[in-house]
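Reading through the structure tokens given below for one structure.
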Amino acid sequence: MKVTKYLEIIKAPVITEKSMADKENGKYTFKVDPRANKIEIKNAIEKIFDVKVTSVRTINVKPKKRRVGRYTGLTNRTKKAIVTLAEGQTIDLG
Numbered sequence: 018m019k020v021t022k023y024l025e026i027i028k029a030p031v032i033t034e035k036s037m038a039d040k041e042n043g044k045y046t047f048k049v050d051p052r053a054n055k056i057e058i059k060n061a062i063e064k065i066f067d068v069k070v071t072s073v074r075t076i077n078v079k080p081k082k083r084r085v086g087r088y089t090g091l092t093n094r095t096k097k098a099i100v101t102l103a104e105g106q107t108i109d110l111g
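With this note's numbering, the residue at position 12 of the sequence shown is 29, and numbering never jumps.
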């Protein structure tokens, strides 16, 4: 697979208080393509950041209802992946 393929799977890191607290335990949270499976996510993280992934947990985030004036709609559905790294490895998120 090409590197661009991996960059299409991993959209962005999730930067929240909870995800930063998990970072101390070697867990990192990323927004990923909703069609990606755990194996593809693991391979993408390992190739992009050059680390060893021990486990991947995924969460499908359902769309929420939103209103703008008289128009109603839904936000986009997304998928989050919580990636656990091998002992002693880290990812620099900036």
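Backbone N, C-alpha and C fix where the C-beta goes; we use that ideal spot for every residue, glycine too. Since the model is a prediction, treat every value here as computed from it, not as a measurement.
**Message:** Suppose the cutoff is 7 Å on Cβ atoms and the five residues either side in sequence are ignored; what does the same chain contact list for threonine 71 look like?
**Reply:** Thr101, Leu102, Ala103
**Item:** Counterpart residues of leucine 24 in DSSP-defined beta bridges
**Value:** None, per the DSSP bridge assignment.
**Prompt:** Relative to the C-alpha of threonine 107, which residue among Thr89, Ile62, Thr92 is closest?
**Reply:** If we check each option's Cα against that of threonine 107, Ile62 comes out closest.
**Asked** Which one of Lys28, Gly105, Ala29, Glu25 has the shortest CA to CA distance from lysine 69?
**Response** Gly105
**Asked** Rounded to a whole number of angstroms, what is the C-alpha to C-alpha distance between threonine 46 and isoleucine 58?
**Response** 11 Å
**Message:** Just to check my reading of the structure: valine 73 and arginine 94 have Cβ atoms closer than 8 Å, yes? What is that Cβ distance to the nearest angstrom?
**Reply:** Actually they are not in contact, since the Cβ atoms of valine 73 and arginine 94 sit about 19 Å apart, beyond 8 Å.
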